[in-house]
Amino acid sequence: MSQQRKLVTEVPGPRSRELMARRKGAVAQGYGHVAPVFVERASGAVVEDVDGNAFIDFSSGIAVTSVGHAAPRVVDGVREQVGNLTHICFNVAPFEAYVRVCEELNNRTPGTYEKRSALFNSGAEAVENAVKIARRHTGRQAVVVFDHAYHGRTNLTMALTAKNVPYKDGFGPFAPEVYRVPMSYPFREPVEMSGAEAADRALAMVESQIGGANVACVLVEPIQGEGGFVVPAPGFLGRLQEWCGANGALFVADEIQTGFCRTGDWFACEHEGIVPDLVTLAKGMAGGLPLAGVTGRAEVMDAVPPGGLGGTYAGNPVACAAALGAIETMAAEDLAGRARHIGDVMLKRLGELQTRDGCIGDVRGRGAMMAVELVQPGTRTPAAELTAAVSRATQERGLLTLTCGTNNNVLRFLPPLVLDDALLDDGLTVLGEAFDAVA
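The sequence shown lines up with residues 2 to 440 when you count with my numbering.
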């Protein structure tokens, strides 16, 4: 499949419009969508719709296809596995691929201590189980989370998630013993604040309102995803980890969106030398198949007795084969290094765009996880409608982009890490054209 942008109809085309009408009559409206087109196939960093339009993908299915769509090692592994074993359930009878994936996670996640891993279906499941494990190990119940955080759509993970609409509205009551404190958000701090100072602000609330002796874990995204690609000030994560160690609480890193080379290291915690007690993993882990995991200290993970973890489909053999192919691809092709290169190019080009467009208030991110926060020119007032309009304009021109943020005013960019320089340049050029047309 050609790695080029190509538009042969207006967007959306006639076939996509026809399918959209059928969708409305068959699919629950609670399942929203961003792109106005129906996808037929994809390869590398290009997605083709049912009308033959080829789009540059700056979304990766929300940071999932980091190794590219239809990555050869993933495809080969899945084909072989489907012919041998599609399902048995690890709780019924174990199989080697599950063990191999756990070995990879134990070896590649931060920390040289002895580790154990457990596999699940989705990021939300991984977070739920990390909290279960933390509570079981510590004998405590309180979970500390942050403003702007996103951790999933199950009952517990909705409680952990900050944003009400659309993720939580009308779905309560939610699980108890969840406590929210301020995040380090440099662009929106009322006064300039170091990472350590921002952490101390949050921890003062923990001490006064919860009590350190009651905290099972502090759960944090090293870079917030749905909350707006918020990169905390240096020192914020380290101070949280230090407090956890001093108070017998676990430091849990939610690396679901940041993990597996996305930010230029295998895991975002590594940028500041952070070694979590537990880390939750998903998205880029299996090249597009549903797989997630929790990895952590052996004594913590093994606090749960047999039967306390699992799931009928958790760690499915086909998904495990895909994960092994994806991880091999990341290592063999140095996709962490590629992510750093993509980030360098994006940072430069987005910075240039910011200098000529007063609606871009902030450019931020790491590696191939970059974003721009849009504001009313000359202010920091969020510009949500403009953000949506720019995203629509990119799609109409053959570039898939996503929005995010508590105020819906952040454009985020998550291209496959196999994106070549020509496509990267074309995508950023299209982005500039979209700003020119709308802003």
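No residue lacks a Cβ here, since even glycine has one placed at the ideal position from N, Cα and C.
Inset, instruction - Please name the residue, chosen from M2, L325, R16, that lies closest to L290 on a Cα-to-Cα basis. - result: Of the listed residues, the one whose Cα sits closest to L290 is L325.
Legend entry - Local conformation of D255 per DSSP, three classes: strand
Legend entry - Simplified DSSP assignment, three categories, for F1: Look at the range of the chain in this structure, 2 to 440, and you will see that residue 1 is not part of it.
Legend entry - Reference Q242; option with closest CA among G428, V216, F230: V216
Inset, instruction - In angstroms with no decimal places, state the Cα-to-Cα distance between L432 and G309. - result: 48 Å
Legend entry - Neighbour-count burial assignment, Q258, 16 or more Cβ in a 10 Å radius: buried
Legend entry - C218: first and last residue of the uninterrupted beta strand (DSSP E) it sits in: 216–221
Inset, instruction - Evaluate contact between the stretch 336–355 and the stretch 110–129, counting only Cβ atoms and requiring at least three cross-stretch pairs below 8 Å. - result: no
Legend entry - Three or more C-beta pairs below 8 Å linking the stretch 98–106 and the stretch 358–377: Contact between the stretch 98–106 and the stretch 358–377 is absent, with fewer than three C-beta pairs closer than 8 Å.
Inset, instruction - Jot down the residue ranges of each uninterrupted beta strand (DSSP E) in the stretch 171–251, minimum 3 residues, whole runs only, in chain order. - result: 179–182, 216–221
Inset, instruction - Using 10 angstroms around the beta-carbon of E386, count the other beta-carbons present and answer buried if the total reaches 16, otherwise exposed. - result: Label assigned to E386: exposed.
Legend entry - Beta-carbon gap between R154 and P183 smaller than 7 Å: Pairing R154 with P183 gives a Cβ-Cβ distance that is not under 7 Å.
Inset, instruction - Inspect the beta-carbon positions of L418 and S3 and report whether they are closer than 7 Å. - result: no
Inset, instruction - Would you check if the distance between the CB atom of T395 and the CB atom of A440 is smaller than 7 Å? - result: no
Legend entry - Element boundaries [alpha helix (DSSP H), containing M286]: That residue, M286, is in no alpha helix (DSSP H); it is neither H nor E in DSSP.
Inset, instruction - Let me know the secondary structure DSSP gives V439 once reduced to three states. - result: Three-state DSSP puts V439 in a helix.
Legend entry - C-alpha gap between L336 and E41, whole angstroms: 26 Å
Legend entry - With 16 other Cβ atoms within 10 Å as the buried cut-off, status of D426: exposed
Inset, instruction - Name the one or two DSSP bridge partners that E104 has. - result: Its beta-bridge partners do not exist; DSSP assigns none.
Inset, instruction - Tell me whether the beta-carbon of C218 lies closer than 7 Å to the beta-carbon of A135. - result: yes
Legend entry - For S392, the nearest candidate out of T356, D437, G359, E208 (CA to CA): D437
Inset, instruction - Would you list the residues sitting across from L292 in a DSSP beta bridge? - result: Note: L292 sits in no beta bridge, so no partner.
Inset, instruction - Throw me the rounded Cβ distance for the T69 and A46 pair, which I believe falls under 8 Å. - result: In the sequence as displayed, the identity of residue 69 is Gly instead of Thr. Yes, G69 and A46 are in contact; Cβ-Cβ is about 6 Å, under 8 Å.
Legend entry - Chain-order list of residues whose beta-carbon lies under 7 Å from that of R1 (same chain, five-residue window excluded): Residue 1 falls outside the range modelled here, since the chain spans only 2 to 440, and no answer is possible.
Inset, instruction - Can you give me the Cβ contacts of A64 inside the same chain, cut-off strictly under 7 Å, excluding the 5 residues immediately before and after it? - result: Q258, R263, K284, G285, L415
Inset, instruction - Could you pull the start and end residues of the beta strand (DSSP E) that M370 belongs to? - result: 370–375
Legend entry - Closer than 6 Å: C360 CB and nearest the ligand COA heavy atom: No copy of the ligand COA appears in this structure; indeed no ligand is present at all.
Inset, instruction - Could you check the C-alpha separation between F252 and H88 for me, to the nearest Å? - result: 34 Å
Inset, instruction - Just grab the DSSP bridge partners of T404 for me. - result: L412
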